[in-house]
Amino acid sequence: MIILTGFFYSLYFMILGFAARASYHLLNRTELLIEKKTDFSAHALFLGIFLHVLIFNMYQFIGLSNIMALYFTMFAVVLASVTIFFLAKKIGFHTVSIKPTSTNIIALVFIAVCSSIIFWNGIQLPEMAWDSWMVWIGKANQWANHGVATPVYPFDEWLNKPNSIYNESAHYPDALPLLYLLPKLLGWNSYGTLLTFHLIVFAMMTLLLVSRLERKGAPWYLQLILVIVIYTTPLLNNHLMITGYADIWMAMFIVIIMLTLIDYHEKGDNGVGITLLCYLAMLPMLKLEGWVWLLLFMIAHILVSLANNPHRFKLLGIFIGFIFILWILGGLHLNFPFGNIIINSEKIEFLHLINAKISFSNITSEVLIGFFRQNNWSILWLGLPFLLVSFVANKQDKASQVAHVFFILALACFFFLFYFTQASQWAKDLTAINRVVLQLVPCYIFLLFKMLIRLNNIEIKKAQTQ
Amino acid sequence: MIFWTISTAMLLLCLFLPVKKTKQPSIEPFLISSLIKVEPKLLTYFNNKFQATVAGQLIMEIKQNKLTRELTNYDVIIIEDLNMDYNTQFSLHWQVEGINYSQILNHSTQSITPIDFKTTDSENINNLQLVLKPYFELNTQPAIPRTVSFSSIYFDHSNNQNIWNSHKSQWFAFNPVEINSINGYSSTDSLPLEGLILRLMLWLVINIFLYFFIKINGTHLIFSFAVAWLITTLPFISNFLKQHQQIVTAYPNDHEYINAVDKYLYQVAKTIKAELNHLSAQSNTPNKYVILGTNQFEYLRLFYHLTELNVGMSARFSSVNDAKQQKLIYILSNQYRAACNNPRAEIWAENQFSVLSEHPEYCLVEAL
């Protein structure tokens, strides 16, 4: 029953996502082409998650009660189904019949077996992840009891505001609690439903990764090794088993953004562009550091555009000149009514998103423990120097450049955060240092496997597969 | 063919080459299981095996006057035929110049654990104890008596050990699910797979060099990566299966509660809820409730179990004056509970509240 509710819950998101795609094609009066059904379903699921959060944010904004929220959600599902039906009737959608290869079937079986084994352990566990029962599932519990529109405040504000509820992490974004809320409102076994649901989401992400590797010309064994690596990377596996933490969601959305970005550069389709924007918007809605990843995606995009610009050397000169002037002036100090932008040797402040004092802490030992000595990532990080070299040594298309530049920026940002700010305390207790890495790991695994395709004679097989 | 011949040889070399083979005069193992001092009914010897009964914590002292050998000559402790459930932990404790040290012993059938006594003088080592205790962190029934059996425990030198047995004991040692598992797969006190990971990484680096020098097909490199990955995955899968046993024994009937403390807090919360609902029925104004507590498991879980009510949590009492329009009822439990009996004993509590009700586990007070 729990598994069924998990599947139903996933189906709900897919319907929402499918309807969004259908609406886009209805508005444009273009035929919806479904090339690969698993790819389409994966994107429908991720898009549905974004829409669900948006819809529930709207309920909070207009102050709906829980029961009304349930009615409205049912109405949204009906409306979505009607939209899909309308598209099928009016314009129609075209599906390409692709016969699944034996690799596809083996990968699917492997994903199903791995998910079942993780479920086998996970379902026996209580909600034990600390942040989860206090913040993510915790807030969902509070809303289920007091109403989805009840505002949540930290202690002092809560004391002085009537009709409010308290949560120490009131300032954390609401997307995850809103994802966890609906099964509670429906009276389902919420923990089991969520465990199944997030295993399905992870499975869809894996299918999408395999599909992209296949498209890049990866041989069958590389695709299967990818699946094995994804499911047996110890800390990824642990976050799937002990459900409730936000980092695995960030990891899934970061990799989905990377894949969609590559798709967008390859196809240049507006629909893909809108999907990409929705996924990007999801980052700050999941966790506070989502703002950082969002900014890094934007910077990566700008940097790659500038690098491909014919005036790139002039632009580089201007940039170096700008840095030199900042150095002479002792940093950047801009005050706006909506926040400050301060960058100097003592602190970095960016609007209300980042405010960190700069002080060096040597956390090399903790980095080495987290990356290599604990069995968090097995032998995965050995590939990092080779990946960095391959990025410089090989000619990349623009989409791959953005993906690589984002990854390098993210790593640089990670090291800066833990070496130069007060976040070093979470490196020293080996908590966030591993969880932030986890957010980048699926993306790193994908780039690593993309690099392996370029090894001797692998690309010949690519030609054969095509 | 050349690649795989060299590569296989290198793999075996990387896996089984001892890292430090110190020159040590031949040394006899030192049996300590016969030197254990414990209440006889808690440790019996039957069928060539010691059977320890563990309910709570079992401390097995090693008779100090019988420690006649130079302990600092030994660098491993070995337990033969260890049979222990996955919610129990076996550890060695000792004292050197007043400082306490401990080492968790590998949980495998032949448990071989490296040991460093943190001194070069054996006479400094005091209070040598073997301790068996259940994991309280994830366990709803820690007090259930369990049986741990072993045939012998002895100190030895790593030179006397077969390298495969040492590796097997370390790599396949059980690593339990803990609340902190989500942050890192293992704690820094115990990094059982570190050696394996580093050895395999060295092998892969050799393979990468071979790939460039011999100029072979990339498939071989990918398969050597897959082999390395599978080797690290074997202990991972083995541990995953053991974790299942741990979880099933930790939560035999239900998995609603994290551990016994949580189960107790749920019951306390249930009583508090009933009482507060009764109080709120008598009051015209909506009440707000505050758990006086810090960011500790006991207070946070009480908060979690009380989320049906409009409850907050604070470590200080003073903020009560901020709210005028609503009745504020504080829940005092654990370390704050004592303030109900004697408010004058605590500076923060004096003339701050009137007591509404008192119970052994908690009391309810109304802020003045």
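Line by line, the protein sequences are chains C and Z.
Position 2, counted from 1, in the first sequence is what this note's numbering calls 418; the numbers after and before it change by one each time, with no gaps.
Position 98, counted from 1, in the second sequence is what this note's numbering calls 100; the numbers after and before it change by one each time, with no gaps.
From the three backbone atoms N, C-alpha and C, an ideal C-beta is built for every residue, glycine too.
Run of the alpha helix (DSSP H) containing residue i, from where it starts to where it stops
i      : result
Z/S356 : From DSSP, Z/S356 is part of no alpha helix (DSSP H) but of the beta strand (DSSP E) over F355 to E360.
C/K703 : Note, C/K703: premise wrong, no alpha helix (DSSP H); not H, not E.
C/M621 : S606 to R631
C/T648 : W636 to T648
Z/S226 : G220 to A252
Partner residues on chain Z for residue i, Cβ-Cβ distance less than 7 Å
i      : result
C/Y596 : What C/Y596 touches in chain Z: nothing, since even the nearest Cβ is about 13 Å away.
C/E645 : Reading off the sequence shown, one finds Val at residue 645 of chain C, where the question assumed Glu. The contacting residues are W231.
C/G786 : G186
C/N850 : N185 and G186
C/L846 : N185, G186 and T190
Pairwise C-alpha distance: residue j and residue i
i      : j      : result
C/L696 : C/V671 : 11 Å
Z/T122 : Z/L13  : 36 Å
C/N725 : C/L827 : 25 Å
C/T566 : Z/I249 : 37 Å
Z/I165 : C/E762 : 52 Å
Z/V313 : Z/E277 : 14 Å
Z/P288 : C/H717 : 53 Å
C/G733 : C/H727 : 10 Å
Z/Y332 : Z/V367 : 5 Å
C/L863 : C/L854 : 15 Å
Z/F5   : C/L710 : 45 Å
Z/S188 : Z/L358 : 46 Å
Z/I117 : Z/E196 : 16 Å
Closer than 8 Å at the beta carbon, the chain C residues around residue i
i      : result
Z/Y253 : Q540, L541 and P542
Z/Y268 : Here the premise fails: no neighbours, minimum Cβ distance about 11 Å.
Z/H246 : W536, N537 and Q540
Listed by chain order, chain C residues near residue i by CB distance under 9 Å
i      : result
Z/Y259 : P542
Z/T234 : T648, P650, N791, S794 and I795
Z/L193 : I785, R789, Q790 and N791
Z/Q328 : L575 and P578
8 Å Cβ cutoff, residue i in contact with chain Z
i      : result
C/V853 : no
C/M550 : yes
C/P578 : yes
C/N872 : yes
C/A545 : yes
C/E584 : yes
C/L449 : no
C/Q388 : As shown, chain C starts at 417 and ends at 882. That puts residue 388 of chain C outside it, with no answer to give.
C/L642 : no
C/F571 : yes
Interface residues of chain C facing residue i [CB-CB closer than 7 Å]
i      : result
Z/E196 : R789
Z/Y76  : Going along chain C, no residue has its Cβ under 7 Å from Z/Y76, so there is no contact; the nearest lies around 25 Å.
Z/L17  : Near Z/L17 there are no residues of chain C at all, since even the closest Cβ is about 13 Å away, more than 7 Å.
N- and C-terminal bounds of the beta strand (DSSP E) containing residue i
i      : result
Z/Q368 : This sequence places Glu at residue 368 of chain Z; Gln is not what is there. Residues Y364 to A369.
C/K577 : Here C/K577 belongs to no beta strand (DSSP E), and DSSP marks it neither H nor E.
C/H749 : L748 to F752
Z/E82  : V78 to E82
Counterpart residues of residue i in DSSP-defined beta bridges
i      : result
C/A772 : C/I764
Z/T46  : Z/Q53
Z/R148 : Z/V56
Z/M315 : Z/I293
Z/T90  : Z/P136
C/T511 : C/I450
C/T691 : C/T691 is not bridged to any residue.
C/E543 : Note: C/E543 sits in no beta bridge, so no partner.
C/G755 : C/F752
Z/I64  : Z/I38
Cβ of residue i within 8 Å of any chain C Cβ
i      : result
Z/T309 : yes
Z/S321 : Its pLDDT being 48, under 50, Z/S321 is placed unreliably by the model, and the measurement read from it follows with that caveat. Chain C contact via Cβ: present.
Z/S160 : no
Z/N312 : yes
Z/A228 : yes
Z/I249 : yes
Z/I199 : yes
Z/G392 : Residue 392 of chain Z lies beyond the stretch modelled for chain Z, which goes from 3 to 370, so this question has no answer here.
Z/Q374 : In the structure as shown, chain Z begins at 3 and stops at 370. Residue 374 of chain Z is therefore absent and cannot be evaluated.
Chain Z residues whose Cβ lies nearer than 8 Å to that of residue i
i      : result
C/S840 : By Cβ distance, chain Z contributes nothing, its closest Cβ being about 15 Å from C/S840, past 8 Å.
C/Y637 : T221, I224, F225 and A228
Chain-ordered neighbours of residue i on chain Z, where CB pairs are closer than 9 Å
i      : result
C/L868 : G220, L223, I224 and F227
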